[in-house]
Every structure is written in structure tokens, then in C-alpha cells.
Amino acid sequence: MFMTTTKPLMILIAGPYRSGTGDHPDLLAANLRRLEEAAWPIFQAGHVPMIGEWVALPVLRGAGADGVNDPIAQDVLYPTAERLLQHCDAVLRLPGASTGADQDVAIARERGLPVYYDVADVPGVAA
């Protein structure tokens, strides 16, 4: 396992979650699994992986929402990622159409944060 010798980066993993799913639970779960696949190499490199849904979904449940198509979701999903980006050091943008992930990239660029498009480009991740 390779560990960085510098301060660990908190890296937001951004990519499709709801896109193309019709909000079907199995398809949402499959998209979340794809996002989570990038978490291990980031962690292994000594960084802290973060996925907005890891925070937003429990918040939605706590608010009494019955899923991502609940009207309150619009007040939680995108704002969660925006708030997380105030604490993140970089973004890993995974492939696939995603308005939310595109917004994450735009916010990261506005804040001068690095945006990676391949997990292998994240500092310390072995190719």
C-alpha cells in the first residue's frame, strides 16, 4: 500500500448517480457502486475519498424523504455537494452524463481546485 507523505487530500468523487436511472433503486445502487469503486484507490493513496450521496442520502432519510424523487431532494442533493466542496481539496470526475457532477467540476474550477478525470491521475495512486 502506498501512502502519501504530504497532507491527505479530501477528494470528492463526482459522476452519475441519478442520471439515466429513472430513479429506479437498483440502478441508483449500481451508480453508487461505480462511484464507490474509485474510493479504494484514493484511500489507498493516503487520501480521504468523499461521495456526496454518502452525506445526502442519510440527510434525506432524516428529513423523512421517501427517496431521491421526493421534493425535498432538490434542497439536499446538490447543496450537499456544494457544501462538501468547501472542505474538499480536489474532484475526481468519473465518466458519464451528470448535471450534478458537472456542477461539482464548475464549483471546483471556480475555487481553483484540481479536477482529475482518471483515478490514476490522483497524486499517489499507482497506475
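Here the numbering used here is used: the first residue of the sequence shown is 1274, the next is one more, and so on. Just so it is clear, CB atoms sit at the ideal spot from N, CA and C, and this is done for glycine as well. As the structure is a prediction and not an experimental result, all values here were calculated from the model.
### Message
Is it buried or exposed, Y1384, if we count other Cβ atoms within 10 angstroms and call 16 or more buried?
### Response
Inspection of the sequence shows that residue 1384 is occupied by Arg rather than by Tyr. Around the beta carbon of R1384, fewer than 16 other beta carbons sit within 10 angstroms, so the residue counts as exposed.
### Query
Taking L1301 as the reference, which of A1393, V1378, V1398, L1330 has the closest Cα?
Minimum Cα distance to L1301 is reached at L1330.
### Query
If L1282 and H1320 are in contact, beta carbons under 8 Å, what's the gap, nearest whole angstrom?
With 8 Å as the limit, L1282 and H1320 qualify as a contact, their Cβ atoms being about 5 Å apart.
#### Entry: Where Y1290 sits in the DSSP three-state scheme
In the three-state reduction of the DSSP assignment, Y1290 falls in the coil class, being assigned neither a helical nor a strand state.
#### Entry: Closest residue to R1306 among V1398, L1357, P1289 (Cα-Cα distance)
Nearest to R1306 by C-alpha distance, out of V1398, L1357, P1289, is P1289.
### Task
Under 6 Å Cβ to Cβ from L1350, same chain only, skipping five residues before and after it: list those, please.
Answer for L1350: A1329, listed in chain order.
### Query
Does the Cβ of P1322 have 16 or more other Cβ atoms within 10 Å, making it buried, or fewer, making it exposed?
Buried, by the Cβ-count rule.
### G1325, buried or exposed, once every other Cβ within 10 Å from all chains shown has been counted against 16
The residue in question, G1325, is buried, as its Cβ has 16 or more Cβ neighbours within 10 Å.
### Task
Indicate whether D1296 and N1342 have their beta-carbon atoms separated by less than 8 Å.
Result yes, Cβ atoms of D1296 and N1342 sit closer than 8 Å.
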